[in-house]
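*Asks:*
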Ligand SMILES: NC(=O)c1ccc[n+]([C@@H]2O[C@H](COP(=O)([O-])OP(=O)(O)OC[C@H]3O[C@@H](n4cnc5c(N)ncnc54)[C@H](O)[C@@H]3O)[C@@H](O)[C@H]2O)c1
């Protein structure tokens with residue numbers, strides 16, 4: 015039980031990597047709060063609760079600062095503390111630079127960048143008071159090397175690496191660590207949108223020879239959220255089967 019007596023918020027916990035993380039954290043003893051836009055988060059919470067785990071859901075958009083603040087207070091009321099924030103919610107709206115609409119840019123920045131800022135700022139006050147916290151955010155290996163058709167997404171994923179380093183500097187003295195993960199190609203609804211022929215071209219670029227599963231990233235989140243990683247601060251952990259070269 016690596017997360018016994020810990021309370022974790024997982025944004026985007028209704029699907030994909032976030033759902034796998036909610037399941038893993040609950041099984042490792044955490045009380046889990048899923049924040050997501052979709053009601054499927056409620057199904058995830060109910061299924062895990064029926065198995066005896068402590069999992070709740072609140073419908074929150076990370077883009078809505080007031081809603082995030084109120085949901086943060088609700089976690090404090092329900093669980094008494096917030097030990098772990100997993101900034102996992104993210105979206106894509108891919109287009110090449112010359113075709114990208116302002117709306118594609120604005121929406122991706124609102125969720126992937128401002129959303130991460132909103133959630134981190136809201137919980138950091140509580141983590142500072144309790145002199146303990148683990149903040150782990152979803153970057154991407156494209157945030158390290160760029161990617162065709164993803165000006166907006168790459169801007170946010172590179173920014174997450176930078177913000178993480180700032181938070182490590184600012185919050186380290188309060189017993190808080192801030193780290194991020196750079197996943198490679200992981201099989202989720204996000205990457206389901208990639209046409210099959212493109213996927214087949216991408217697979218040989220992965221030294222591991224296959225795409226990752228959501229649980230591969232959930233294990234990374236678990237490590238960085240655990241006490242075992244208490245001296246790990248400001249890093250970006252790449253989990254991509256070796257494809258970022
Ligand atoms: N799948 C990959 O290959 C991959 C690779 C690198 C990085 N990532 C990152 O990992 C994270 C999880 O990706 P995934 O593949 O599991 O995605 P996903 O699309 O399967 O799940 C994302 C979840 O986030 C939720 N969400 C979207 N907007 C939200 C908002 N405004 N507020 C709250 N919740 C919101 C969605 O409803 C969904 O449940 C994302 O940040 C993504 O950018 C994924």
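Residue numbers (our numbering): 15 to 259. Cβ coordinates follow ideal geometry from the N, Cα and C atoms, glycine included. As the structure is a prediction and not an experimental result, all values here were calculated from the model.
Along the chain, which unbroken stretches of the alpha helix (DSSP H) at least 4 residues long are found entirely within the region 182-249?
*Replies:* Complete alpha helix (DSSP H) runs here, min 4: 203-206, 210-216, 228-239.
*Asks:* By the three-class DSSP mapping on this structure, what secondary structure does residue 7 have?
*Replies:* It is not possible to answer for residue 7, since the shown part of the chain is limited to 15 through 259.
*Asks:* I'd like to confirm the pairing. Which residues does DSSP put opposite residue 119 in its beta bridges?
*Replies:* DSSP lists no partner for residue 119.
*Asks:* So, with DSSP's three-state summary, where would you put residue 63?
*Replies:* The answer is helix: DSSP assigns residue 63 an H, G or I state.
*Asks:* Note down the Cα distance separating residue 242 from residue 123, rounded to an integer number of angstroms.
*Replies:* C-alpha separation (whole angstroms): 32 Å.
*Asks:* Put residue 52 into one of helix, strand or coil per three-state DSSP.
*Replies:* Residue 52 falls in the coil class under three-state DSSP.
*Asks:* Which one or two residues does DSSP pair with residue 148 in a beta bridge?
*Replies:* 98, 191.
*Asks:* At which residues does the beta strand (DSSP E) containing residue 71 begin and terminate?
*Replies:* Element bounds for residue 71: 69-73.
*Asks:* For residue 114, does the three-state DSSP call read helix, strand or coil?
*Replies:* It is coil, neither helix nor strand.
*Asks:* Closest to residue 61 by CA distance: which of 77, 51, 37, 94 is it?
*Replies:* Minimum Cα distance to residue 61 is reached at 37.
*Asks:* Compute the beta-carbon to beta-carbon distance between residue 97 and residue 20, rounded to the nearest angstrom, for a pair I have assumed lies under 8 Å.
*Replies:* Contact flag correct, Cβ pair sits at about 4 Å.
*Asks:* How about residue 111 and residue 178: are their beta carbons less than 7 Å apart?
*Replies:* Not in contact: residue 111 and residue 178 (Cβ atoms no closer than 7 Å).
*Asks:* Write down every uninterrupted run of the beta strand (DSSP E) in the region 18-52 whose length is 3 residues or greater and which is fully enclosed by it, in chain order.
*Replies:* Counting whole runs of 3 or more residues, the region 18-52 contains the beta strand (DSSP E) stretches 21-25, 45-50.
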